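Just so we're aligned: the sequence shown equals residues 32 to 352 in the working numbering. For every residue, glycine included, the Cβ atom is placed at its ideal position computed from N, Cα and C. All figures in this text were calculated on a predicted structure; none of them were measured in a lab.
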Amino acid sequence: MITNDIQLCRDALTNGELVAFPTETVFGLGARSDSKSAVEKIFVAKDRPRNHPLIAHCADIDVALAISPGIPQSARLLAQEFWPGPMTLVFKRAKADAICDESVGGSDTVAIRVPSHPVARKLLEPLGFFVSAPSANRFGRVSPTTPKHVLEEFGEKMLILNGEQSEVGLESTIISCVNEHPQILRAGAITPQDILRVTGHDVTKGSDEDSGIRVPGALKSHYAPRIDVIIIKSEEEINEYPQFNPERSALLSFSEPTQRYRLQRSMQTYEEFAHELYSFFREAEKNGCDAIFVVAPEEQGIGIAINDRLRKASAYCTASL
Ligand code: TXA
Ligand code: MG
């Protein structure tokens, strides 16, 4: 059920129930971080492996930074500059009741985020506990960017706090701050250039698969829609896939199309592209498209995160093998 009643949602969280809520990145599925039984409900609802750690959210930057002793200076600078916002910082974890072992999958680190979305802030501000929240989708599916997407994933029984379509549209940048030199674990709206500017550290994104750090977002198949996603450089490249009829295909690109598609949208900016990407995937599925063609942006700005998600979405695509 989609509701505007924030107090109802706060009460549900306080009572150890799940609440899906809007953030500026994607919608989250929240439970109080200090309750093993509440957090367990997230893993059950999502069908998510227990060893995949959750991000703990709170409204207050000082509270967020107090969760770990010995936070490096670079992390403080990042927090100062980009919180509240679409960034998650991973810290060394001190055993604390505020964030239960189960919510971090037994890890010795903890991922923290202070979101900027006004509704998320209103929800979290008075709570007095952290809220663990993965994206509000079933494990391995496309992240939701509207309340309706969450409803499609979990049905009417799920309490969903209403909000507009997530502004960024892609999950937060995850930065490991376990050492003074930060490391990007997942690309997002906060870019390597942003991090360099603020901390002086050059973080060219290492491969998550090599780092040995367990991040489901780093799995090749994550974020996949149920139909083939094919990354192309320009619309003409579609001719190389004669098995797909344009009338049964979707195209997301930067310029007006030269032929008719079942579903087509052209974006003006990378930001708009990121904002629309996941909802376009879902629409293409609903419209019964056989393939989603996407013209990839350049590897710059949020284009880095878009390309990361496109690669993951197309990992199981048979047509481009
Ligand atoms: O934008 C976002 O980050 C959204 C909103 C709701 O905040 N959340 C989100 O959560 O995308 P989720 O669970 O779908 O993805 C979180 C990622 C996972 O890949 C998880 O492995 C990683 O964060 N993660 C969580 N804790 C971690 C830790 N201690 N060390 C390394 N990675 C961690
Ligand atoms: Mg997710």
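Review point. Counting Cβ pairs closer than 8 Å, one from the segment 102-117 and one from the segment 133-142, do we hit at least three?
Key: no
Review point. How about Asn35 and Leu192: are their beta carbons less than 9 Å apart?
Key: yes
Review point. Which residue or residues does DSSP assign as beta-bridge partners of Gln295?
Key: Leu282
Point to revise | Nearest neighbour of Gly319, chosen from Arg172, Gln214, Ile258 [CA to CA] | key: Ile258
Exercise for review: Within its chain, find whatever has a CB closer than 6 Å to the CB of Ala87; leave out the 5 residues flanking it on each side and keep chain order.
Suggested key: In chain order, Ser64, Ile130, Ile143, Phe161, Ser163 place their CB closer than 6 Å to the CB of Ala87, counting only its own chain and leaving out the 5 sequence neighbours on each side.
Practice item. Return no unless some Cβ of chain C is closer than 9 Å to the Cβ of Ser66. Key: Among the chains in the structure shown there is no chain C, since it carries only a single protein chain.
Check your understanding: Between the Cα of Glu195 and the Cα atoms of Pro149, Glu184, Val173, Pro288, which residue gives the shortest distance?
Key -> Pro149
Practice item. Identify which residue in Ala76, Pro80, Pro115, Ser99 has its Cα closest to the Cα of Ala90. Key: Pro115
Practice item. With DSSP as the reference, label His232 as helix, strand or coil. Key: Judged by DSSP in its simplified three-state form, His232 adopts coil rather than helix or strand.
Point to revise | Residues near Ala106 by beta carbon distance below 6 Å, same chain, minus five either side | key: The residues are Leu120, Cys208.
Point to revise | Pairwise C-alpha distance: Arg296 and Ala220 | key: Those two C-alpha atoms are separated by around 22 Å.
Review point. For the segment 67-120, which segments carrying the beta strand (DSSP E) assignment without a break, of at least 3 residues, lie completely within its bounds, in sequence order?
Key: Segments of the beta strand (DSSP E) lying fully in the segment 67-120: 86-88.
Point to revise | Val145 versus Ile33: straight-line alpha-carbon distance, rounded | key: 23 Å
Point to revise | Contacts around Phe304, its chain only, beta-carbon distance under 7 Å, and the 5 residues preceding and following it disregarded | key: Met298, Pro328, Ile337
Exercise for review: Please name the residue or residues paired with Gln214 in a DSSP beta bridge.
Suggested key: Ser207
Exercise for review: List the DSSP bridge partners of Gly59.
Suggested key: Phe52, Ser166
Review point. Can you list, in chain order, the stretches of the alpha helix (DSSP H) that have 4 or more residues and sit fully within the segment 121-196?
Key: 149-155, 178-185
Review point. Taking the alpha helix (DSSP H) that Ala220 falls in, what are its first and last residues?
Key: First-last for Ala220: undefined, no H or E at that position.
Point to revise | Inter-residue Cα distance where the pair is Thr176 and Ser197 | key: 5 Å
Exercise for review: Identify whether Ala322 lies in helix, strand or coil by the three-state DSSP scheme.
Suggested key: strand
Check your understanding: Is the segment 278-285 in contact with the segment 307-322, if contact means three or more CB pairs nearer than 8 Å?
Key -> yes
Check your understanding: Going by beta carbon distance, what residues of the same chain come within less than 6 Å of Gly334, once the five residues before and after it are set aside?
Key -> Tyr301, Pro328
Practice item. Spatial neighbours of Ser242 within its chain, please: CB distance less than 6 Å, with the 5 preceding and 5 following residues excluded, ordered by chain position. Key: Because Ser242 carries a pLDDT of 47, less than 50, the predicted location of this residue cannot be relied on, and no value is offered for it.
Point to revise | Start-to-end residues for the alpha helix (DSSP H) that takes in Asp259 | key: Asp259 -> not in any alpha helix (DSSP H); beta strand (DSSP E) instead, spanning 259-263.
Check your understanding: Is DSSP giving Ile333 helix, strand or coil here?
Key -> coil
**Study point:** Secondary structure of Thr45, DSSP reduced to three states
**Key:** helix
Point to revise | Span of the alpha helix (DSSP H), counted from its first residue to its last, around Phe312 | key: Here the alpha helix (DSSP H) through Phe312 covers 301-317.
Check your understanding: Whose C-beta lies closer than 7 Å to the C-beta of Arg291 among residues of the same chain, with five residues either side of it excluded?
Key -> Excluding sequence neighbours, Arg291 sits near Pro277, Glu278.
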